Amino acid sequence: MAGRDPDDRKLVVLVRNDLKMTKGKIAAQVAHAAVNCAFASKKKDAVNFNAWYDSGQAKVVLRVDSERELFEFKAVAEALGITCSLITDAGRTQIEPGSITCLGIGPEKVSVLDKITGDLKML
């Protein structure tokens, strides 16, 4: 974002576009990822969590085309020590049980996350 401080924090959720989930299903899966990341970050990375929380809890939802891509982004984020949450659906509604639907990353500095996910498109 133009004019944004690179030290600001955000949380990114990557959603699998290939599953063709409805908007409501996507919203629920993204919420799972955001809540999981927030709780995990508060526990293990309080500095980033507090900076993110105090600045309005910015969240960005981006799309990927496959489960493989989610795992590639997860590996990069974990290698950098960034909080991640991979979401697996219970399969009670629209998709098969055990389907991996999305990946939450962060909160972390915008400048760091943009280097990882900056080329992805908004959902």
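Positions 23 to 145 (the working numbering) are the ones given, in order, by the sequence shown. Where a beta carbon is used, it is the ideal one built from N, C-alpha and C, also for glycine. Computed from a prediction, not measured in an experiment: that's the story for all the values here.
Taken through DSSP and simplified to helix, strand or coil, T139 comes out as helix.
Taking the C-beta atoms as reference points, R90 is found no nearer than 8 Å to V37. Restricting attention to alpha helix (DSSP H) runs no shorter than 4 residues, the segment 24-110 encloses them at 45-66, 68-76, 89-101, ordered along the chain. Only buried fits E130, as 16 or more other CB atoms lie within 10 angstroms of its CB.
Proximity of the segment 104-118 to the segment 47-62 meets the contact definition, three or more beta-carbon pairs being nearer than 8 Å.
With respect to the C-alpha of I127, the residue from L145, K64, I104 having the closest C-alpha is I104. Here the C-alpha atom of N70 lies approximately 7 Å from the C-alpha atom of R31. In this structure, the beta-carbon distance from L102 to L125 does not fall below 8 Å.
P129: member of the beta strand (DSSP E) spanning 122-131, first to last residue.
Nearest neighbour of T115 by Cα position, chosen from I48, V132, D27, turns out to be I48.
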